[in-house]
Each structure stands twice: as structure tokens, then as C-alpha cells.
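Read the structure below first, then the notes.
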Amino acid sequence: MKLSLIKFILPVLLFLLAQDVFAQKTVTYHLYVRDTIVNFTGKQKHAIAVNGQIPMPTLTFTQGDTAVIYVHNELKESTSLHWHGVFLPNQEDGVPYLTQMPIEPGEVYTYRFPIIQHGTHWYHSHSELQEQIGMYGSMILKKRDNDPIFRKGIDDLPTVPLILSEWTDYKPHNVERMLHIATDWFAMRKDAVQSYGEAIKAGHFKTKLGNEWKRMLAMDVSDVYYDKFLVNGNADRIFSPKEGNRVRLRISNAGASTNFWLRYAGGKITVVANDGNDVEPVEVDRVLIAVSETYDVVVSIPDNKIAYEFMATSEDRIGSSSVYIGDGVRQLISPLPRLKYFEGMKMMNDMMKMNGDLDDMGMNMSLNQMDMNVVMYPEITGPANKKKGKMDHAGMDGDSNRGHDMHGGHSMEDQYNSNKLSDIVTLNYAMLRSPENTSLPEGPVRELRFELTGNMNRYVWSLDNQVLSEADKILIKKGENVRIIMFNNSMMRHPMHLHGHDFRVLNGQGVNAPLKNIIDIMPMETDTLEFHANVYGDWFFHCHILYHMMSGMGKVFTYDNQPKNPLIKKSSYARRKLFSDDRAFHFMAENDFATNGNDGMFMLQNTRWSIGTEWRLGYNDMHGYETETHIGRYIGRMQWLMVFAGFDWRYRKEGIDSHEENLFGQTNSKDDRAQFTLGFAYTLPMLVEFQTEVFQNGNVRIQLMREDIPITKRIRMGFMVNSDVEYMAELRYIFNPYVALRTHYDSDMGFGVGLNIGY
Amino acid sequence: MKSRSYIMTGLFLLLSISLSAQLSNTKTETAKVFGNCGMCEDKIETAGTEKKVSEVSWNKDTKTATISYDSKQTSKDAVLKKIALAGYDNEAYLAPDDVYQKLPACCHYARNKETPAENASGHDHNAMAVAQDSGPLKQVTDSYFELKDALVQSSGELASKKAKSFYDALAAIKMESLKGESHDAWMKVNGQLKEDAEHISETKDISHQRDHFNSLSKSMYALLKASPAQATIYYQHCPMFNDGKGGNWLSKENGIKNPFYGSQMLTCGKTVETLK
């Protein structure tokens, strides 16, 4: 009776209360999720809009309210919404197949939870890759005016919510696929291929050689090339406060895989809150906001006739987006100069051991205080030391090489401490201090250690070399204090996010350790976090880089003896669906339509498995026809080793190359052969693939192969040679991710030129 | 493939004839752009001009830019932003301060907005703040630190200017204002100090300046060690300078900012003595 009454009154209340200023009330939003067409780059592309807009509408609540949010799914696929950084009952958390079943097309789903905190948060779809194409929005939880921790001069300032994001014209599933097949198309778009040609020109040939010796691909600070960067879905807006000369910006980074540098043309930036939690004001020149973090900053307007640029630049510095704070002529800030990639490559070479582990050389890195990337920042470590090209700086030091060769003897740690190297003050986590005592309540301490692992070559990202589907849930007990010690042994930084809880970051501020729900951990860093286990549920803990999460970089915390989630009825089905993301196979195929035949391959790969077929089909019997099919499993963290079983078939009339005896004296008819095979492939230094296999007739074949040696930005070289005295050399010129011009010489089929079409 | 390239070449030829330096959907507007000289004109026009997109012609006397652009591809606002990013304030945008600072001296037009202290990075500001106690050597010490900071920034041009003010400060010293040991030290080093300062001010070649700065710093050290201290000063040493013979300098801070290498080796060195 009571319930139906509430249901009846609710729609009426919704309109009345939406603009009401009193706390302790229900605030209702209706969100209509629809497919839409957007045009950010001059091309019409598919995206998802909510209530007709990208980003989704800003949701505003006051601490003490009850949030009721109706999600109307008008898409042709399922969806979900996760309230990022918000404390709520587990079944409102919005992770499909973990805390709820997905919201199916046509369904109207209700999220309902009390608002028991304040701060800048955001919300986004947790389904597949929907976050990349529009499903993100700001969520502002206001303090009550009479709250004892209300900060005069900060909490009463005019406020602008800013939500940062990025746009790519590629479909996000294609982006994901391209990352998994390790195309360097994104690097080409960024002009960051770091080919041998470019290395020689920059005087870094040895660096490039060292890099490939250690089996690394070109280094970068992010994986995806984006066409546009967006603030509130749009570039270049102006905000002018009606009164006063200070503004509070509530900034959320909703980028799927982009960290942003925040800088301001009107002076220092005062950081007042992070991840929705107040921090003692700290003045800095710039902040790197990691994927999914939020920062509240206060900026002032020195001259009321000028609007000052507040710029968010992508970490790879390919692009930026700005808003202008104030009124009048716009004061610009200099764009950040291009990264010195080869310096970064050199740094990575030094840090990488031959076995793929990272070596911090005893520097005990943590909390972003030491940023190895400073070697790439011209504004901190000076412009690139080019042999050719113009020098912009009149007084550049002529004998800089002398300095570089000798720095081994000096303090290693200062070499990477951005704040000691220059006058530019960059925020790091050690500078964050909570205004309150954040000590955890008494409780037994549970210590967990995680190693962040992964490899770029195959785009596999994991914790302790286990992807989500390979690991058990982590069982914790209510009332425990869980301490997590994390070490990043991978080459990328990872913003690790915990659902449903804030954790303390042990950063040297004692009882005033700051509270966060994301920690961005750089390669080689070790960070310690702790949180009080106080709310039942299955809580996701994962890397918030969307494509890392989809490849399985996460774990689930679950409570001992917790009540069953009533929304998950078929738990084994749900688990299978949850794991399907990182179990998915990615498809690639290519064929070279050449003058001497068709060369091609197709491949299906996931975290551990690879199924592939290669073919070489001549146009006549003399050239022959052959195919090789392999099903293999990758072994080890770096996945340099793959063992496989396969089947070879070939047919040829005595042709150009009449070798029938291999280097081991075994004869081997190429004219008609159908053989099963067992073998392994191992990636050697210089990224050469060494393959050994035994055929069912006892024949052995050893093969060395290297593809995609970057000669220039667009030219790739490759070769193959094996113990059947077959060999091949190729050159290709890449037009786009799908088309290349290829010329090759093959011992069976001779010289050929063709068009290589790939997917 | 081939036929396509023929067509392309054909099209190109046609286009370049009909469009020789012309734009389609042309809109022409004028805008106020500040600047000084012929070099400014060059920079403004280059910054605002993009083939087949926009053309800018700037009038030095009226400080007016005539902007023609393809309205389908760009806007007046976008062109003015590019001009500002090249260092030139205009009606829509103000140039970033560091870009303005880097313009050649002749291009330093008077800015409408109050420019923050000459040096945006705050070095000068610090230099003013320390050594409040004014002794007879205060001016000399202050300008020494400014010279050092210019070398830390690897700016030969700025170092030359600062060396000149350092020289002027030396010249203004009245011998009789210095007492006892301080007086003796002054007599010993002031000739050498002036000579080094002159050398630094006469060149913009930073490596030459640094050689003299090494010698100048040794004299300064001798002078300040013998004089009553006004503020804590750190005597610092970089073992690498001068092919491993090392170089010394004085600093107000204990942290190392190496004037011999600047950003290349900013933190190379250590404090060898603290003068109080």
C-alpha cells in the first residue's frame, strides 16, 4: 500500500524537487540513452547521447539526498551506468554481470541510493566500450551549507564542472582490435613511429638498436591516436563568474585512455580536492590528471578585462582543449612542446632488464614524485639535442654532449624529479594532504601484494600475470583493514580504481593521508593503499584505461559471508559473461595480391591462444601452393614463447627453387606434402622470431623471421629464412591501416610486387 | 592507380592556375594586431597565412591586419589565435608571455596589458627578496645572482645584459665604504671582476660567458668571504665543468641549479661551503 503510494507520488515529486534547494530529499533524473550521429572531425560517426547530449547531463545532489535515476535504454544493445567514486549499496554500482544484469534494449532501469558523501565525481557506462563514444558525465555532490567541514572561500566559490574526454573516428571495437594486433598505425598518426631512419637522423641509432635488442616496440606515453580532445564535449568555451575573481573548477577525466596536463594562463592552480575528497590547498603550476581521476582546483582572474586560458593537453601532447576563465580578450598559454621520444626510449632501455622485468636501480619510486618521463619534456630538460634542424634558442649550449656522457655519477633521483629540475611545480601524490585525520578504525590488518604486469607487443594487461577470467575473487572480511602494496612491473602507467570504497594513500602525511579511489601508478613505482572493509558486495578493482580493463586488467574483491546479490540470479552465466571481455578473440587478416602470387594470413588471438593460417598461393603449378596452420599457446608473462601444433599442406611442380634437401640432410618433397607438425616459436632479441618444428615424418625445420622493421615512418622491412633453404625478403610502404604497397623476393615464387590488403 | 595520378596532376594544374594565391569562399576582415617592425610584419603574416586557407597582410603603421580566409575552413578567430601564438597580441587573443619574451629584441612592441615582471619565471622576484640587509655590496651581490640565473637558463642574451648591470654595480662601489678584510679583498679582486664582467657582457656566446663566469665566481667568493655576511650564501661546485677541472659559483639556495650547464645538467654539483 505504502509502496504503491510512493510510486504514484514520485513522478509528481520529481518535477517539484529537481530544483529544490533543501537537503534530505529525493532528487530524480531521467536519462534517455540513444544512438546518435556526431561530427567532430568533418565526418559523420556513430556515438551515444544521453538526453540528446554528449557528455551526459551533469547530475547534482547534496549530501543527505536520495538519488533516484531512471535509465531508459533506447539503444539496440544493453547498457549500464556506474557511479564513479560514489559510496553506495553494491547492487547500485552498475557493473553488468557483477553487481546487476545489463539494462536490456527497451528496458527502464532504476538506480536508487542515498548520497552519503560530498565531492566531485562522475558517472559512465560500464558496458563494453560505450564510455569511449559519449557515455560519461559529471556528478557533483555538494556539501550541506551547515556542514562543519564547509570551507569558506572554497566551497562557496562559483563552480564550473569540467569533464575531459577524447574522440576517435575509429569505432572503439576496431581501436581495441588494432591495439591487440599491434599495428603501429596510431604511432604513425602521432608521428611517433621512431623508425631506424628517424633514429639515425636524431643521432639515436644505438638507442633504437638497444630498444629492439630488449624486444620492445617504439615507446609512447599512450596507446591510441585521438582526433579530438574535448572539455564538456566541446572545445573553446568561456566561463565568466558573475562576482568575485576566483572560480572553482570541478574537473573529471572521462577520457577512455588519455591523461591530461592541466595548466592555466592566469597564474598558479590551487588544488583543493582530489577524487571527491578535500585536500589542504596546494599551489602548483600544473597537474597531470590521470584517466578517471577528479581534481577540484581554484583559479583566480588577475585582470577582469581578460579571459585566461585553462588548457587540458593530452599526455602525448598531440592535442588539447581549452576553456577561458574570465571576460574579454583571451590570454593564451603556450602549447606544450612535442615529446622527445628518443630520450624516452633511451630511458626505457636503461630500466628494462633482458627478461622483461623493470629495474628501478634502487630508486624506490612512488607517488609520481619521480617521473621518468621528464627526460622527454623539453620544458623541463631542455629542447631535443638535434644534429640537424634549426635551433630556436639563441643561447643554446654548444657542448651539451659533454654533459650527457658524464651524468652517471650524479644523483640518479634528482635526474627524474621534475620539481627539482625546474621552476615548474608539478603536483604529485606526496603533496596531497587531507584536512582531517583519515586513520582507519581499529581492525585486523590484511596485507595484499599485487604486481601490475603486461606486455605491449600483444596488448595483454594483467595483475600478477592473471587476467580477470584467470583469477579468483579476493575474499576479504567485513571489519578488516585491507592494505594493498602495488608494484608496477609493466611499461605503461595504470590508473587503478577501486569501486565502492575510498582508500588512504600512504604518502608520508601521517594521519592526514589523502583519500582517493584511483591511484595512477607509473612504471617501476610501488604504492601502498589501505581501506576499511565496510560494505558487502562484489567490488571491482581495475585499471581504468578502458582498453586495459577490457583486456582483463582487474580483480574483484568479495566479502566473506555476504548476502547473495538478488539481481544476479544465474551466477555462473553472469560470471561467464563477465569474463567474456578478456577472453574475446581478435581477428586479423591480410593478403598480398602480388605479381607472383598471393601471400597472406589470417589470425585469431586472445590473451593466451593464437590460431592462424598462412598461405602462399602461386598462379601456376610451378610456383606452387602452400598453407600452414598453427594453433598455439603463449607461455610466460612477456609471452615471448609460443608452443603450437599445426598442419602444413603444399603442392608444387618442380619449380624455380629445386632444393629438396634441408640443411640437416633430410629430404623433403615440396611437390606434394601434407604433414602434421609440433613446434615452438620464441621471440629473440631484436624481435626476431625463432621457430622450430618437427613434422610427422620426422623432418625438422628451423626458421628465423622478422616482420615490420621500421625503416622510415611508413616503410617496413621483413625477412624469413629457414633450414629448408627457403628465404624471403620484403619491403612495404604503408598507406593506411588496411593498404600497403609490398615488394618481395621469395625463393619459391621469385620476385613480386603487389598490393597488400589487411584488416 | 596511374590514371588516378594523372587526374590528380591535372586537377592540381587547373587549381593552381585558377587559384594562384586565391581562396574559395573568401571572406575578408580586418583586425587590430600589435607589433613593431618589419620583422614583426613578417612573423605576423607567416603565422596567419596557410595555403588555400587564409592570407594575412599586416600594416605596420595602422597596426591592422587584413585577413582573407576560406570561411568553410577557418575563421577570423582561428587566424588571430595563430598570430597570438606566434607572439602578437591582437583584439581577440593575447600572446603567451614566454612566446612574447622569446621574440627578437626589435619585435618587443609595447604591450597594452601590464606585463608581469620582466622575467616570467620569477627569478628576478627571488633576487629582490633575499639580502634585505643592505650593505655596500648588496647591489653587486644581487646582480651577480641575476647573472647566474641567466646562465642557469642558458640565455646568452640575458646573461650579457645582466653582466652589464653587474659591471655598473661594481663601478658604483665606493672603496672607502668597505672596511678591513673586505677592503683588502676588494683591492685584490676588483680589477679581475670588472674584466670578467666586461667579457661576459660583450658576447652572447654562452660557453665563453661560462668560462669567464667561473673565474668571476672565484673572485666573488674571495670578496664575500672577507665581507660581513648579509644573508646565507652557498658556495657550490660542479666537478664536470671545464673538462673535469671543475667550476664554482655562489647561490642563495642550497639546492643546486647549475649555471655551467643549465637544464642539461641542472642538478649537477654540490655545496662545498656555506657563508653566513
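Top line first, the protein sequences correspond to chains Y and V.
Residue 1 is where the first sequence starts when you use our numbering, and the numbers rise one by one after that.
Residue 1001 is where the second sequence starts when you use our numbering, and the numbers rise one by one after that.
Ideal Cβ positions, reconstructed from N, Cα and C, are used throughout, including at glycine.
For clarity, every value in this text was computed on a predicted model and none was experimentally measured.
CB of residue i within 8 angstroms of CB of residue j, strictly
i: Y:Ser-314; j: Y:Pro-335; result: no
i: Y:Asn-507; j: Y:Leu-432; result: yes
i: Y:Thr-453; j: Y:Arg-714; result: no
i: Y:Asp-464; j: Y:Glu-451; result: yes
i: Y:Ser-788; j: Y:His-497; result: Absent from the model: residue 788 of chain Y. The displayed extent of chain Y is 1 to 759, so no value can be given.
i: V:Ala-1197; j: V:Leu-1170; result: yes
i: Y:Leu-515; j: Y:Asn-277; result: yes
i: Y:Asn-481; j: Y:Val-445; result: yes
Beta-carbon neighbours of residue i, restricted to chain Y and to distances below 9 angstroms
i: V:Pro-980; result: The displayed coordinates of chain V run from 1001 to 1276. Any statement about residue 980 of chain V would go beyond what the structure contains.
Residues near residue i in its chain [Cβ-Cβ closer than 8 angstroms; skip 5 each side]
i: Y:Leu-3; result: Because the pLDDT of Y:Leu-3 is 46, which lies under 50, any placement of that residue in the model is unreliable, and the question is left without a value.
i: V:Tyr-1090; result: Before going further, note that residue 1090 of chain V is Asn rather than Tyr in the sequence given. Hits under 8 angstroms: Ala-1031, Lys-1032, Val-1033, Phe-1034, Ala-1065, Leu-1080, Ile-1083 and Ala-1084.
i: Y:Pro-302; result: Asn-245, Gly-266, Gly-267 and Tyr-308
i: Y:Met-178; result: Tyr-170, Trp-185, Phe-186 and Pro-737
i: Y:Tyr-536; result: Asn-90, Lys-478, Tyr-559, Gln-562 and Pro-563
Per-residue contacts from residue i into chain V (C-beta, under 9 angstroms)
i: Y:Leu-332; result: Lys-1081, Ala-1084, Leu-1085, Tyr-1093, Leu-1094, Ala-1095, Pro-1096 and Val-1099
i: Y:Ile-269; result: Chain V residues near Y:Ile-269: none, gap ~15 angstroms exceeds 9 angstroms.
i: Y:Val-721; result: What Y:Val-721 touches in chain V: nothing, since even the nearest Cβ is about 32 angstroms away.
i: Y:Val-323; result: Correct list: empty, because the minimum Cβ distance to chain V is about 14 angstroms.
i: Y:Val-108; result: The premise fails here: Y:Val-108 is roughly 43 angstroms from chain V at the closest Cβ pair, so nothing lies under 9 angstroms.
Where residue i meets chain Y, residues with beta-carbon distance less than 7 angstroms
i: V:Gly-1246; result: The contacting residues do not exist; V:Gly-1246 stays about 12 angstroms from chain Y at best.
i: V:Leu-1216; result: Per Cβ cutoff of 7 angstroms: no residues; V:Leu-1216 is ~18 angstroms from chain Y at best.
i: V:Gly-1035; result: Here the premise fails: no neighbours, minimum Cβ distance about 16 angstroms.
Residue range of the unbroken alpha helix (DSSP H) whose run includes residue i
i: V:Gly-1244; result: 1241–1244
i: Y:Thr-79; result: Here Y:Thr-79 belongs to no alpha helix (DSSP H), and DSSP marks it neither H nor E.
i: V:Gly-1156; result: 1156–1172
i: V:Gln-1139; result: 1138–1152
i: Y:Glu-343; result: 341–351
i: Y:Thr-381; result: 378–381
i: Y:Trp-185; result: 185–190
Interface residues of chain V facing residue i [CB-CB closer than 8 angstroms]
i: Y:Ile-734; result: In chain order: nothing, as chain V lies at least about 16 angstroms away.
i: Y:Val-284; result: Near Y:Val-284 there are no residues of chain V at all, since even the closest Cβ is about 14 angstroms away, more than 8 angstroms.
i: Y:Ala-265; result: Pro-1096
Sequence-distant residues of its chain with Cβ nearer than 7 angstroms to residue i (five each side left out)
i: V:Asn-1025; result: Asp-1070, Ser-1071 and Lys-1072
i: Y:Tyr-136; result: Pro-55, Met-56, Trp-122, His-124, Ile-163, Ser-165 and Ala-254
i: Y:Lys-390; result: Its pLDDT being 35, under 50, Y:Lys-390 is placed unreliably by the model, and nothing is read from it.
i: Y:Gln-369; result: Asn-417, Asn-428 and Ala-430
i: Y:Val-374; result: Ile-380, Thr-381, Tyr-416, Ser-418 and Leu-421
i: Y:Arg-189; result: Tyr-225
i: Y:Glu-176; result: Leu-129, Tyr-547 and Met-550
Residues of its chain near residue i, where Cβ-Cβ distance is below 6 angstroms and the 5 sequence neighbours each way are ignored
i: Y:Asp-599; result: Asp-592 and Arg-616
i: Y:Phe-40; result: Trp-167 and Lys-228
i: V:Ala-1226; result: Glu-1181, Ser-1182 and Ala-1185
i: Y:Phe-676; result: Phe-647 and Gln-696
i: Y:Met-588; result: Ile-181 and Met-603
Host beta strand (DSSP E) of residue i (start-end)
i: Y:Asp-65; result: It is not in any beta strand (DSSP E) - Y:Asp-65 carries neither H nor E in the DSSP assignment.
i: Y:Pro-172; result: It is not in any beta strand (DSSP E) - Y:Pro-172 instead sits in the alpha helix (DSSP H) that spans 172–180.
i: Y:Gln-331; result: 329–331
i: Y:Asn-756; result: 750–758
i: Y:Tyr-136; result: 136–142
i: Y:His-809; result: This structure leaves residue 809 of chain Y out entirely; chain Y is present only between 1 and 759.
i: V:Ile-1233; result: 1233–1238
Short CB-CB distance (under 8 angstroms) between residue i and chain B
i: V:Thr-1074; result: Among the protein chains of the structure shown, namely Y and V, there is no chain B.
Chain-ordered neighbours of residue i on chain Y, where CB pairs are closer than 8 angstroms
i: V:Ser-1182; result: Going along chain Y, no residue has its Cβ under 8 angstroms from V:Ser-1182, so there is no contact; the nearest lies around 33 angstroms.
i: V:Ser-1263; result: Ile-380, Thr-381, Gly-382, Leu-421 and Ser-422
i: V:Gly-1255; result: Lys-420
Residues that residue i contacts on chain V, provided the C-beta gap is smaller than 7 angstroms
i: Y:Val-374; result: Under the 7 angstroms cutoff, chain V gives no residues; its nearest Cβ is about 11 angstroms from Y:Val-374.
i: Y:Val-753; result: Chain V residues near Y:Val-753: none, gap ~12 angstroms exceeds 7 angstroms.
(message) Under 8 angstroms: do the segment 1234–1250 of chain V and the segment 1259–1275 of chain V share three or more Cβ pairs, one atom per stretch?
(response) With three or more CB-CB distances shorter than 8 angstroms, the segment 1234–1250 of chain V counts as touching the segment 1259–1275 of chain V.
(request) Answer yes if the segment 336–350 of chain Y comes into contact with the segment 216–227 of chain Y, meaning at least three C-beta pairs across the two stretches below 8 angstroms, and no otherwise. (result) yes
(request) Evaluate contact between the segment 573–590 of chain Y and the segment 201–216 of chain Y, counting only Cβ atoms and requiring at least three cross-stretch pairs below 8 angstroms. (result) Contact fails: fewer than three Cβ-Cβ distances are below 8 angstroms.
(message) With three or more C-beta pairs closer than 8 angstroms as the rule, is the segment 1103–1112 of chain V touching the segment 1039–1049 of chain V?
(response) Look at the beta carbons and you see the segment 1039–1049 of chain V touching the segment 1103–1112 of chain V: at least three pairs across the two are nearer than 8 angstroms.
(request) May I ask you to verify whether the segment 1154–1168 of chain V touches the segment 1192–1209 of chain V, counting CB pairs closer than 8 angstroms and requiring at least 3? (result) yes
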